[in-house]
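**Student:** In the working numbering, the protein residues as written are 5 to 477.
Where is the CB? At the ideal position from N, CA and C, for every residue including glycine.
Predicted model, so just to flag it, every value in this text is computed and none were measured.
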Amino acid sequence: MSSFDEGMLDESWRNAAVADGFTLAATGDLLIDDVLLPRLQRESPELVELLQSSDVTVGNFESTAIDLAEFGGWPEAEAGGAWVISSPRVPQDLAAMGFNLLSRANNHTTDFGVQGMRSTDNLLDKAGIVHAGTGQTLAEARSPRFLHVPAGRVSMVAAASRFEVMSRAANPLGQIRGRPGVSALRTTRYVQVAPDQLAQLAAIRDSQPSGSIRPSIVATDETTGSVTLFGTTYVANPVAGSGIEFTFSMHDHDRTEILRNLRQGKQTSDFAVFGMHTHEPGNYSPEPPDFLTVLARQAIDNGADAFVGHGPHQLRGIEIYRQRPIFYSLGNFFFMINTQQPLTPDGYEKAFTSDCRRIAEDDRAESITEAEFLEHKRVYGVFKERIWYESVVAVCRYSNHGNLYDVRLHPIELHWSPARDADRGIPTLAPAESALRILNRLQELSKPFGTQIDIEDQVGVIHVQGAVSSREG
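1) Please report how far the alpha carbon of D309 lies from the alpha carbon of Q201, in whole angstroms.
2) Determine the extent of the beta strand (DSSP E) in which V465 is found, giving its start and end residues.
3) Return the first residue and the last residue of the alpha helix (DSSP H) that T124 is part of.
4) What separation, rounded to the nearest whole angstrom, lies between the Cα atoms of S273 and R149?
5) Apply the 10 Å Cβ neighbour rule to S16 and answer buried if 16 or more other Cβ atoms are within range, or exposed otherwise.
6) Is it right to say E476 is buried, meaning 16 or more other beta carbons lie within 10 angstroms of its own, or is it exposed?
7) Let's see if you can read the secondary structure: which residues bound the beta strand (DSSP E) around I324?
8) With distances taken Cα to Cα, identify the nearest neighbour of S211 among N444, T224, S48 and T232.
9) For P199, tell me which candidate among A164, G245, S216 and P176 has the shortest Cα-Cα distance.
10) Q344 by DSSP, collapsed to three states: which one?
11) Just to confirm, are T27 and L334 a CB contact at a threshold of 9 Å?
12) Name the DSSP beta bridge partners of N336, please?
13) For F311, which three-state DSSP category applies?
14) Are the stretch 191-198 and the stretch 140-148 touching, with three or more C-beta to C-beta distances below 8 Å?
15) On the criterion of 16 or more Cβ atoms from any shown chain inside 10 Å, does W78 qualify as buried, or is it exposed?
16) Are the Cβ atoms of F387 and H317 separated by less than 9 Å?
17) Which runs of the alpha helix (DSSP H) at least 4 residues long sit entirely within the stretch 186-251? Give them in chain order.
18) The alpha helix (DSSP H) with G269 in it runs from where to where?
19) Rounded to whole angstroms, what is the Cα-Cα separation between T260 and P293?
20) Do you know whose CA, among F338, D425, S403 and V396, lies nearest K381's CA?
21) For R183, which three-state DSSP category applies?
22) Quick check on this structure: which residue in R108, M254 and E144 has the alpha carbon closest to the alpha carbon of L127?
23) Using alpha carbons as the reference points, say which of E80, V88 and D125 lies closest to S67.
24) Select from G351, R301 and N342 the residue whose C-alpha is nearest the C-alpha of F331.
25) Which of the three DSSP states, helix, strand or coil, is assigned to A20?
26) Throw me the rounded Cβ distance for the A303 and L266 pair, which I believe falls under 8 Å.
27) Any contact between the stretch 101-115 and the stretch 164-175? By contact I mean 3 or more CB pairs, one from each, below 8 Å.
28) Taking only three categories from DSSP, how would you classify N444?
29) Report the rounded CA-to-CA distance for R157 versus V22, giving the unit in angstroms.
30) If you count every other CB in all the chains shown that lies within 10 Å of the CB of A20, and 16 or more means buried, which is it?
31) Find out if the Cβ-Cβ distance for the pair L41, G63 is shorter than 9 Å.
32) Let's see if you can read the secondary structure: which residues bound the beta strand (DSSP E) around F150?
33) Does DSSP classify S67 as helix, strand or coil?
34) Would you grab the beta carbon distance between L433 and S48 for me? Rounded to a whole angstrom, and I think it's under 8 Å.
35) To which residues of the same chain is V465 closer than 8 Å at the C-beta, ignoring the five residues directly before and after it?
36) With respect to the alpha helix (DSSP H) encompassing F295, which residues constitute its N-terminal and C-terminal limits?
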């Protein structure tokens, strides 16, 4: 008897069941403040056509859409780096651009609290955009969401390894209500150091004042051979001479539940997308953390037809695994950090004590406008380099079984320079010189994954070996 005869699903559930030539347009983070479609249509109509002509257009909505005149909540004391806000008109504008599927699990989901999360989700619902990764309970946040397009039924599961502590959703238990929030994948970072360095760290740990470290931590260190110091766990690097490296372990229950929901989504749909938001090992790293390569392949093994990563605000490499694409990060599509107005008091205070000390020390600090403040913060802060303002739109074409024919990588630039401050972060298809620079960089980032990217007419193309469209004979 077959497994199907025994009541188990036939293995054919892993295959997609979409129309031949099905297309998915994948983008990165969307930090957008207001309506932009008319401008994109005027300045880069070909870019709009890419979004609107695909069967599914997916991105990560990393903002809070609220009407401050009616909003009953407030900015949380802790945000995902900044308090990112969008006009309530944005969801409808994104739908008109062609976006119909969005990830919502990220570190900015609750910048304006649960009320802000609910407002955003409600506005996306009204705009007809399917979104995944948030919910009133953990079960709801992790559950697959479904998009119906003429080419098939599409499911999406989304999660985040970078999130604010108060953002993590939880299930009810007995009389305790569930907690609204995001689908979180908890990870533990281990810092690998040379054996002699580990011994030095152990000596520092053991010289701390009596009673300042829990006995259970010392006991765990003794059992595992690790050293826990000031909240960081260090272990010996197994490769001699490798220097300091990071390695991560995934919370196994989180990982198992996320993959189970992904599998459930695929088993009840024709095509499955997994959205993953991560900053590890750090936003400045062009390489993904070790756990992400494991999770991405496990996601494909559990039915995902595309793994769409985002979070570090810059491009990372592309892998083709089992004829499915893995985008470790697609950087930014909208990155309008210079027009994030109005600003919260916490935003000013945070900048005055870190990125913008020069402003705080300036006699003109009290008289600068919000726009002047944001540009000064950008120049002297984190996001001043070109890499944050260059990316691609990845258009993936599939067979009716979900195997890739090809991926076409359309370079975009987000008005890094020269630009008016109000233009920065708004995408347009990149001109020739910029396009080649972006694609050359992406070629290098993808080589470790064995991915060859050809450049054809200023577009990157990944030809998948053995994939032939029935339309091409």
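**Tutor:** This is what the structure gives:
1) Within the sequence shown, residue 309 is the residue found at index 305, counting from 1. Within the sequence shown, residue 201 is the residue found at index 197, counting from 1. In a straight line, the C-alpha of D309 is about 43 Å away from that of Q201.
2) Translated into the one-based positions of the sequence shown, residue 465 becomes position 461. Run containing V465: V463 to H467, per the beta strand (DSSP E) assignment.
3) Taking the sequence shown and counting its residues from 1, the one referred to as residue 124 is at position 120. It spans G117 to A131 - the alpha helix (DSSP H) in which T124 sits, taken as one unbroken run.
4) The sequence position of residue 273 within the sequence shown is 269, counting from 1. The sequence position of residue 149 within the sequence shown is 145, counting from 1. Taking the straight line from one Cα to the other gives about 10 Å.
5) Against the sequence shown, residue 16 aligns to sequence position 12. Exposed, since its Cβ has fewer than 16 Cβ neighbours within 10 Å.
6) What you label residue 476 is simply residue 472 of the sequence shown in a count that begins at 1. With a pLDDT of 45 at E476, under the threshold of 50, the predicted position of this residue should be treated as unreliable, though the coordinate-derived value follows. So E476 ends up on the exposed side.
7) On the sequence shown, position 320 is the one that residue 324 refers to. Here the beta strand (DSSP E) through I324 covers I322 to Y325.
8) Locating residue 211 in the sequence shown gives position 207, where the first residue counts as 1. Comparing Cα-Cα distances from S211 to each of N444, T224, S48 and T232, the minimum goes to T232.
9) Counting from 1 along the sequence shown, the entry for residue 199 is found at position 195. Of the candidates A164, G245, S216 and P176, the one whose C-alpha sits nearest the C-alpha of P199 is G245.
10) Indexing the sequence shown from 1 puts residue 344 at position 340. Correct three-state label for Q344: coil.
11) Within the sequence shown, the letter at position 23 stands for residue 27. Within the sequence shown, the letter at position 330 stands for residue 334. Contact flag unset, no.
12) By 1-based counting over the sequence shown, the position of residue 336 is 332. DSSP, once it has assigned bridges, lists D33 as partnering N336.
13) By one-based count along the sequence shown, residue 311 stands at place 307. It is a strand residue.
14) no
15) On the sequence shown, position 74 is the one that residue 78 refers to. Per the 10 Å Cβ criterion, exposed.
16) Along the sequence shown, read from residue 1 onward, the residue named residue 387 stands at position 383. Along the sequence shown, read from residue 1 onward, the residue named residue 317 stands at position 313. Result yes, Cβ atoms of F387 and H317 sit closer than 9 Å.
17) 199-210 and 219-228
18) As a working mapping, residue 269 is identified with position 265 in the sequence shown. Per DSSP, G269 belongs to the alpha helix (DSSP H) from D256 to Q271.
19) Position 256 of the sequence shown, counting from 1, holds the residue named residue 260. Position 289 of the sequence shown, counting from 1, holds the residue named residue 293. Looking at the two C-alpha atoms, the distance is approximately 19 Å.
20) Residue mapping note: residue 381 aligns to position 377 of the sequence shown, counting from 1. Looking at the Cα atoms, D425 is the closest of the given residues.
21) As a first step, residue 183 is located in the sequence shown; it is residue number 179 there, counting from the start. Of the three classes helix, strand and coil, the one that applies to R183 here is strand, per DSSP.
22) To locate residue 127, count along the sequence shown from 1; it is residue 123. Checked all of R108, M254 and E144; the closest Cα to L127 is R108.
23) Taking the first residue of the sequence shown as 1, we reach residue 67 at position 63. Of the candidates E80, V88 and D125, the one whose C-alpha sits nearest the C-alpha of S67 is V88.
24) The residue labelled residue 331 in the question sits at position 327 within the sequence shown. Per the Cα distances, R301.
25) Within the sequence shown, the letter at position 16 stands for residue 20. Three-state result, A20: coil.
26) Taking the sequence shown and counting its residues from 1, the one referred to as residue 303 is at position 299. Taking the sequence shown and counting its residues from 1, the one referred to as residue 266 is at position 262. Confirmed, Cβ separation roughly 6 Å.
27) yes
28) Residue 444 sits at position 440 when you count from the first residue of the sequence shown. DSSP places N444 in helix when its eight states are reduced to three.
29) Residue 157 sits at position 153 when you count from the first residue of the sequence shown. Residue 22 sits at position 18 when you count from the first residue of the sequence shown. Whole-angstrom Cα-Cα distance: 8 Å.
30) Walking along the sequence shown from the start, residue 20 turns up at place 16. Buried, because 16 or more other Cβ atoms sit within 10 Å of the Cβ of A20.
31) Stepping through the sequence shown from its first residue, residue 41 is reached at position 37. Stepping through the sequence shown from its first residue, residue 63 is reached at position 59. Their beta carbons are not under 9 Å apart, which means L41 does not touch G63 by this criterion.
32) For the purposes of this step, residue 150 is identified with residue 146 of the sequence shown, where counting begins at 1. Run containing F150: R149 to V153, per the beta strand (DSSP E) assignment.
33) Stepping through the sequence shown from its first residue, residue 67 is reached at position 63. In the structure shown, S67 sits in coil (DSSP, three-state: anything other than H, G, I, E or B).
34) Translated into positions along the sequence shown, residue 433 becomes position 429. Translated into positions along the sequence shown, residue 48 becomes position 44. 5 Å between Cβ atoms; contact.
35) Counted from its first residue, the sequence shown places residue 465 at position 461. Closer than 8 Å at Cβ, skipping near neighbours: D410, V411, R412, L413, I457, D458 and I459.
36) Residue mapping note: residue 295 aligns to position 291 of the sequence shown, counting from 1. Taken as a continuous stretch (DSSP letters only), the alpha helix (DSSP H) holding F295 covers D294 to D305.
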